[in-house]
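Below you'll find the structure, written out as structure tokens, and then a few comments.
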Amino acid sequence: MSPMIEITRAAKTFTMHLQNGIRLPVVSGVSMHVDAGECVVLSGPSGAGKSSILKMIFGNYRCDQGRIAVRHGGEVIDIATAQPREVLRVRKQTIGYVSQFLRAVPRVATLDVVAEPLIVNGMPREEARAQAGAFLRRLNIAERLWMLPPSTFSGGEQQRVNIARGFISDMPILLLDEPTASLDAVNRRIVVDLVEEKKKRGVAMVAIVHDDEVRNLIADRIVDVTSFAAAA
Numbered sequence: 054m055s056p057m058i059e060i061t062r063a064a065k066t067f068t069m070h071l072q073n074g075i076r077l078p079v080v081s082g083v084s085m086h087v088d089a090g091e092c093v094v095l096s097g098p099s100g101a102g103k104s105s106i107l108k109m110i111f112g113n114y115r116c117d118q119g120r121i122a123v124r125h126g127g128e129v130i131d132i133a134t135a136q137p138r139e140v141l142r143v144r145k146q147t148i149g150y151v152s153q154f155l156r157a158v159p160r161v162a163t164l165d166v167v168a169e170p171l172i173v174n175g176m177p178r179e180e181a182r183a184q185a186g187a188f189l190r191r192l193n194i195a196e197r198l199w200m201l202p203p204s205t206f207s208g209g210e211q212q213r214v215n216i217a218r219g220f221i222s223d224m225p226i227l228l229l230d231e232p233t234a235s236l237d238a239v240n241r242r243i244v245v246d247l248v249e250e251k252k253k254r255g256v257a258m259v260a261i262v263h264d265d266e267v268r269n270l271i272a273d274r275i276v277d278v279t280s281f282a283a284a285a
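If you read the sequence shown in the numbering used here, its first letter stands for residue 54, the second for the next number, and so on.
Printed below as a string of structure tokens:
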């Protein structure tokens, strides 16, 4: 079976239009793959391009060259060349993303923020809310807070809401950008358990994790991106 994600010599350069079109290389020659049920952790110093690679897989950053093949149902989509509508379809059904920061519509209740990915894909609202509540409870978000918007929460609470929203869907691919950065030891352990459960279900994951203990617990392979940045 082909990998869930296969990147071949992908590159990204930013053009600084307000600075006379200066071109700023970010990464080049990125080649890696991720199989079903595997968590690949990206390593390297700050600025090496780890988050940029995640955003290239998700389609937020358009590649300048190369290929990012993603298995989407029974077909393979090249995110590097896919049309925007096709990228949105892949995000809706195939790729989940836990970013470093929660971005939610203001004044929307936390319970609905977490339930929304399920509702978008056709689950009845009350069933989706019940699953959202179970995730929030597991991540130690008190029930009295569920009807408040997450903008009123602490940084650590917001990150746990972000994790619940990212893990609640049964996406076959999951991208994790520092999911445990703002968490205490108890909640870091919960995230490790969630990752292990996803792996057992065959989910392919790419993660950025600076915590050595968490990285060692979840990583099936570690890819050092320094060479990709150095080649840029």
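Beta carbons: idealized from backbone N, C-alpha and C, even for Gly.
Around the Cβ of residue i, are there at least 16 other Cβ atoms within 10 angstroms (buried) or fewer (exposed)?
i, result
"P177", "exposed"
"N73", "exposed"
"T233", "buried"
"S84", "exposed"
"P98", "exposed"
"K145", "exposed"
"I194", "buried"
"S222", "buried"
"P159", "exposed"
"H125", "buried"
"I106", "buried"
"A187", "exposed"
"V197", "A quick correction: the sequence has Arg, not Val, at residue 197. Exposed: under 16 other Cβ atoms inside 10 Å."
"K65", "buried"
"E180", "exposed"
Going by DSSP in three states, residue i sits in which element: helix, strand or coil?
i, result
"Q146", "helix"
"A260", "strand"
"P56", "coil"
"Q118", "strand"
"F281", "helix"
"V248", "helix"
"G126", "coil"
"A272", "coil"
"D131", "strand"
"R254", "coil"
"S81", "strand"
"S104", "helix"
Among the options, whose alpha-carbon lies nearest the alpha-carbon of residue i?
i, options, result
"T61", "R191, A122, M258 and P203", "A122"
"L141", "G90, F111, S81 and R115", "F111"
"D273", "G82, V79, L95 and P78", "L95"
"M57", "P78, I261, M224 and N113", "M224"
"E354", "G255, S280, K252 and V239", "Past the boundaries of the shown model lies residue 354; the chain is included only from 54 to 285, so the question cannot be answered."
"Q136", "R156, N113, L155 and A157", "N113"
"L236", "A257, Q184 and E210", "E210"
"A257", "V93, R76 and I172", "V93"
"T291", "R120, G127 and T147", "Since the first residue shown for the chain is 54 and the last is 285, residue 291 is missing from the structure and cannot be characterised."
"R76", "A89, D117, E180 and L192", "D117"
"N269", "R241, G82, S207 and A282", "R241"
- Query: Within the chosen definition, does the segment 229–241 reach the segment 138–153 through at least 3 CB pairs nearer than 8 Å?
  - Reply: yes
- Query: For the segment 207–218 against the segment 248–261, are there 3 or more C-beta pairs whose distance is under 8 Å?
  - Reply: no
- Task: For the segment 100–107 and the segment 132–140, state whether three or more C-beta atom pairs, one from each stretch, are separated by less than 8 Å.
- Result: no
- Message: Quick check on the DSSP output: what are the complete alpha helix (DSSP H) runs of length 4 or more inside the segment 154–242, in order along the chain?
- Response: 163–173, 178–191 and 208–220
- Message: With three or more beta-carbon pairs closer than 8 Å as the criterion, would you say the segment 154–173 touches the segment 204–215?
- Response: yes
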